[in-house]
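Novice:
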Amino acid sequence: MATNLAIDPQLIEEALAVSGARTKKEAVTMALREFIARRAQAKIVDAFGTLEADDSYSYKDDRRSRDQKLDADD
Numbered sequence: 001m002a003t004n005l006a007i008d009p010q011l012i013e014e015a016l017a018v019s020g021a022r023t024k025k026e027a028v029t030m031a032l033r034e035f036i037a038r039r040a041q042a043k044i045v046d047a048f049g050t051l052e053a054d055d056s057y058s059y060k061d062d063r064r065s066r067d068q069k070l071d072a073d074d
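No gaps in the numbering here: position 45 of the sequence shown is 45 in the UniProt record's numbering, and each next residue is one more.
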């Protein structure tokens, strides 16, 4: 999809310099992907503390059980 955008030329030049992108299109695509990823990560961070923890869960017991299963498979 072709799109014409009026982007500050200085921003584009700086994005090209710091990203290592060879073209303006590549730099803008990289920036959009990073923007989307950061927003998705922020939503995950916002979810911290909203789930209840299972106090009976023991990661040590889980790891021990997993290790025993791996040993039995050998």
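Virtual Cβ for every residue (Gly too), placed ideally from N, Cα, C.
1) Starting from Met1 and walking both ways along the alpha helix (DSSP H), at which residues does that stretch end?
2) So for Ser58, helix, strand or coil by DSSP?
3) When the Cα atoms are used, what is the spatial distance from Leu11 to Gly20?
4) Apart from the five residues just before and just after Asp46, which ones in its own chain have a Cβ nearer than 8 Å to its Cβ?
5) So, using beta-carbon positions, are Ala27 and Ala15 closer together than 8 Å?
Specialist: Result, derived from the coordinates:
1) As a working mapping, residue 1 is identified with position 1 in the sequence shown. Here Met1 belongs to no alpha helix (DSSP H), and DSSP marks it neither H nor E.
2) For this step, residue 58 is matched to residue 58 along the sequence shown. Residue state, collapsed to three classes: coil.
3) Here residue 11 refers to the residue found at position 11 of the sequence shown. Here residue 20 refers to the residue found at position 20 of the sequence shown. Whole-angstrom Cα-Cα distance: 14 Å.
4) As a working mapping, residue 46 is identified with position 46 in the sequence shown. Correct list: empty, nothing qualifies.
5) Position 27 of the sequence shown, counted from the first residue, corresponds to residue 27. Position 15 of the sequence shown, counted from the first residue, corresponds to residue 15. It is a contact, given that the beta carbons lie within the stated cut-off.
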